[in-house]
Structures are given as C-alpha cells and as structure tokens.
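> Residue numbers (this note's numbering), protein chains in the order written: chain A, 27 to 243; chain B, 27 to 243.
Virtual Cβ for every residue (Gly too), placed ideally from N, Cα, C.
Values in this document were obtained by computation on a predicted structure and should not be read as measured data.
Protein chains: 2
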Amino acid sequence: MTEVAAKGISVLLVDDHPIVRQGYRRVLESQGDLHVVAEADNAADAYGAFKTHDPDVVVLDISMPGASGLEAIRNIRARNPRARILVFTMHNEAVLVKAAFNAGASGFVTKSSDPAAVVAAVRAVARGERAMSDDIAHVLAEESLSPTGSLLDQLGEREIEILRQFVSGATTEQIASHLNLSVKTVQNYHYLIKTKTGARTDAQLVRLAAACGLTRI
Amino acid sequence: MTEVAAKGISVLLVDDHPIVRQGYRRVLESQGDLHVVAEADNAADAYGAFKTHDPDVVVLDISMPGASGLEAIRNIRARNPRARILVFTMHNEAVLVKAAFNAGASGFVTKSSDPAAVVAAVRAVARGERAMSDDIAHVLAEESLSPTGSLLDQLGEREIEILRQFVSGATTEQIASHLNLSVKTVQNYHYLIKTKTGARTDAQLVRLAAACGLTRI
DNA sequence: AATCGGCTTGGGAAATTTTCCCGAGCAGCA
DNA sequence: TGCTGCTCGGGAAAATTTCCCAAGCCGATT
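The following block contains the structure:
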C-alpha cells in the first residue's frame, strides 16, 4: 500500500450500516479518482478516523445512533476548519439541512439522488465548493421564501428551556406550571420556536432537538 | 424447481434510494453467483418487475414511500406463493419483523448486518430456507421472553405505518397522501395510537417510537 | 350459513390548540 | 435617548384534536 494518492480525492466514509458503506465504497472507487481511505460507523470513530487519515472529504450520514452527526461535523470542523464534509442522508427536512450547513458541512445530498449526482457532489466539495442535491435546493428555496432565520443558535434561553421540556414529553400546561407562565405564553413560544427552526411538525421539532443534543432518546 | 442453482441466483432489488441500490448491486454481483436482474424504487414497480422477471429472490426495504412494503410482500406472494422475499431494512423492531414474516417474507436482515451475512441470507432464502440476521434473532428472542411484549404489539399494521411516518416528521396531509387515505382517517389513527400507547403528547409518541426502534433520531 | 370480533376507513361536532397579529415591560447598549 | 431584543400575554380566526359512531370487509367460530 502506497501512502497517499498524489492525485485523486481521499474519502472518509461514515455510515452506521456496514453494507451501505460497502456499497458506497464500490460506487465511489469505481470512479477512479475517488479513494475511500477509511470508514466509521459512529461519530466518535469518525472523529478518530479523521484525525489519523486527514481525508479530503468526509461523507457522512447524520442519522446515526448515539451521538449526533451534527456533533461529529462540529468536532471535525473544530479540529480543522478547512475540512470538507458532505452530508449524505435520507432526510430532506429544511431544518436538518440548515443545521448541517450551520454546523459546518460543505454539502448535503439525499440518498434519493442519482449516483452520478452524489459523485459530482463529492468532487465539488473536494474543490471547496458548496454542493447540494436538487431536491435539497428545492426544499431550501421553498423554505427561504419566508424569513426563518438561523437554527438553535437563534433561540433565546427561554425558548430553549421550553423546547427542552417540550421534547422531553411535557404538556403545554406542565411547562406553564413549571416555569410559572401562562399557557398562552407557552403556546406562543411553541409556535415561535417552530417558525424559527422551520419545523413544520412537533415530531420534526423533537428530531431537531435530539440532533442538536438538546435531549436524549 | 428448475436448474436455477446451476446458473446462479437472480435478484430483484427494491429500495427507494438509487445510490443504495447501486451499492447493493455491486456488493451482490461481486459474489459471482448473484445477479441483479431488475431494480425498483417503489412497491408498485416492484410488483411489476417481479411479474416480468420472476427473480429467485426479492431483496426489498420495507420503509419506502407510498404503499407499505408489507403490502408489496403480500402482492408478490399473492401472485406467486413460492416467491422468496428477503426484507432488508434499517428497522429492527420486533413488530415489524413479525409483520414481515406474517406477510410472507422468507428472511429479514438489517442494514447493520455484516455484508457477508446479507449475502449468506440471500443464498439461504434462495434455497427456500428462512433467514434472519443475528440482531433480529436477538430482538425476537428478547421479545418472546417478555410477558408483556412490546408496547407496539397492541398496534395494527396500518397504525404502525402511520406512526412510523408521523414520527419521521411527515404531516397529516403528507401521510394521507402517501397512503391514499383521507386526512380524517389519519387524524383518527393519530388519536387512536396516542390513546393505545398512552402517549399524551406528540413528543412522547416520538420518544416511544424511538425506544421501540420504529425510528432513528 | 350465520355470527362474532377485529381492522380499516371516514363522518360529525364540540373542545381545544395552533396560528398569527398585536402591545407592553424591561433590560442592555450605542 | 432611542433602538433593539427578549419576555410575557391578549385576541380571534383557522385548524386540529377529541371522542362517538357506523359501515364494509375478512377471518374465525359455531
């Protein structure tokens, strides 16, 4: 095994399903210029593999068990701000996309994309460009027609506390009682949080909060 | 039946993610004796492809948009009771496994399985044997020892499918559209599921579903 | 054959919540 | 001093949830 490919793009593959990784590896390596130098099936290993292999591009699925994929992105970026990370997942919710880019991802491609589009995204990200699949662009375009602002960073203390209790399973009345607020205020916060984060559903809110490490499931 | 074995095993690949199919195809075909003769990305196409290609084994992911994968299994089996169907998905909840075998599946393998185990399962199913990955066997074993069983055991097939889509972030309208139901029906199911499971909040429902492995956060 | 029960599908109507707009108090800050 | 952002809630229309009910279907039981 020679050390590094003088040309070509080295890739770190992160996905919790072994056979899925195996498949991606074959698809990517059939391109000739793409080389999978390492794999990982969780956020912690992904960070470790990044440190030892310093790949050109990290391709990772953010929906992994345990620690959040977003956390992995932040960790990797904290170590090397020039790291190129391509999120590759089946989710296409605007909240997750924004959260990923917010965390430092360079690209976001869904698994519904054409294989050629995925390969193109890897190359684009390697060149330092931003990349996203058509459906993601569509979702973001749709969503950006109304000013929603950023993600959890945009939430104030009160909002975060209410969101935390809510995703933990508390009812509106319980939250109001815990925080000595009127039910009406909690309702308004609930609504505000949903518009700010772009979550269209309570379930999406729970998933987003979990992805941001606000709650454990 | 015929001398299929001498010629290898023909496979119909059903998964809604193109690049995932691409990956599986390469993994399976690298075995030499496995040949992917067709692909499909939804239940309807899967049934059509089965009719025209009559493959030895159908490898399908039951978590597809639109009609339930369970329905696809039943359709295929209705046409040919000797069809071999290997469910291949990321879900590992006991109720889903039981429902799949009940619908006529011959095997159930999770995407967390070793690639070699998946290939072995395809061969086993082609031989007419029942196959499941270790983690699935474990889940079923645990569950059979529990007197109460999973909370989700009290849910019907439709309820589970609706719950799965809901906790994945789908709106009521989207679910109704996916399953060709009226919004009213989905609402009623939503309510029924909450009362059956005892969840008082949508967030609790999401957490419960996650705890049962119905969804991944 | 007839009945029973369970699953699926939806209507109806009251109760409740969500949605969005609004103002007001209060801090920090330029 | 005025601006800005967070916190807190009222109001009213829109939408959803809640609960009850019924009909069709299918498998099992008698």
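Are the C-beta of A:Ile45 and some C-beta of chain B separated by less than 8 Å?
By this cut-off, A:Ile45 is an interface position.
> Three-state secondary structure (DSSP) at B:Arg108?
Residue state, collapsed to three classes: coil.
> Counting only Cβ-Cβ distances shorter than 9 Å, please list the residues of the segment 48-60 of chain A near chain B, keeping chain order.
Those would be Gln48, Gly49, Tyr50, Arg51, Arg52, Val53 and Ser56, in chain order.
> Any contact between the segment 218-232 of chain A and the segment 48-59 of chain B? By contact I mean 3 or more CB pairs, one from each, below 8 Å.
Judged by Cβ distances under 8 Å, the segment 218-232 of chain A makes no contact with the segment 48-59 of chain B, as fewer than three pairs qualify.
> For A:Ala131 and chain B, any beta-carbon pair shorter than 8 Å?
False, the Cβ-Cβ gap to chain B never drops below 8 Å.
> Do you know whose CA, among B:Thr241, B:His43 and B:Gly34, lies nearest B:Leu60's CA?
Comparing Cα positions, the closest option is B:Gly34.
> Can you have a look at A:Gln230 and say buried or exposed, based on whether 16 or more other CB atoms are within 10 angstroms of its CB?
Buried, by the Cβ-count rule.
> Against B:Arg197, what residues of chain A qualify as contacts under a CB-to-CB distance less than 8 Å, listed in chain order?
According to the sequence as given, residue 197 of chain B is Thr; it is not Arg. Simply Arg226 and Thr227.
> Mind listing the chain A neighbours of B:Phe192? Cutoff is C-beta to C-beta under 7 Å, in chain order.
Residues of chain A passing the Cβ test: Ala229.
> Going along chain B, which residues have a C-beta under 7 Å from A:Pro107?
Going along chain B, no residue has its Cβ under 7 Å from A:Pro107, so there is no contact; the nearest lies around 28 Å.
> Please classify A:Gly34: does DSSP put it in a helix, a strand, or coil?
Correct three-state label for A:Gly34: coil.
> Distance, Cα to Cα, B:Arg184 vs B:Phe192?
Using only the alpha carbons, I get a separation of about 12 Å.
> Kindly indicate which residue of A:Val148, A:Val123, A:Val37 and A:Val232 has the alpha-carbon position closest to the one of A:Ile271.
Look at the range of chain A in this structure, 27 to 243, and you will see that residue 271 of chain A is not part of it.
> Measure the CB-CB distance between B:Val245 and B:Leu189 and report whether it falls below 8 Å.
Since the first and last residues shown for chain B are 27 and 243, residue 245 of chain B lies out of range.
> Measure the alpha-carbon distance for B:Ala125 versus A:Ser139 and round it to whole angstroms.
Approximately 30 Å between the Cα atoms of the pair.
> Classify A:Thr78 as buried or exposed, calling it buried when 16 or more other Cβ atoms lie within 10 Å of its own Cβ.
Result: exposed.
> State buried or exposed for B:Gln180, treating a residue as buried only when at least 16 other CB atoms are found within 10 Å of its CB.
It is exposed - the Cβ of B:Gln180 has fewer than 16 other Cβ atoms within 10 Å.
> Please confirm if A:Val144 has its CB atom under 8 Å from at least one CB of chain B.
Yes - at least one Cβ of chain B is within 8 Å of the one on A:Val144.
> Would you say A:Arg233 faces chain B, with C-beta separation under 8 Å as the test?
With 8 Å as the cut-off, A:Arg233 counts as an interface residue toward chain B.
> Is the beta carbon of A:Arg100 less than 8 Å from the beta carbon of A:Gly133?
Not closer than 8 Å, so no.
> Give every residue of the same chain whose Cβ lies closer than 8 Å to the Cβ of A:Ile162, excluding the five residues on either side of it in the sequence, and list them in chain order.
Around A:Ile162: Asn118, Val123, Phe134, Val135 and Thr136.
> Can you name the residues of chain B whose CB is closer than 9 Å to the CB of A:Ser139?
Under the 9 Å cutoff, chain B gives His43, Pro44 and Ile45.
> Residues bridged to B:Gly133 by DSSP?
B:Gly133 is bridged to B:Leu112 and B:Ala157.
> Give me, in chain order, the residues of the same chain whose beta-carbon lies closer than 6 Å to that of B:Arg47; leave out the 5 immediate sequence neighbours on both sides.
Here the set comprises Leu39, Asp41 and Glu65.
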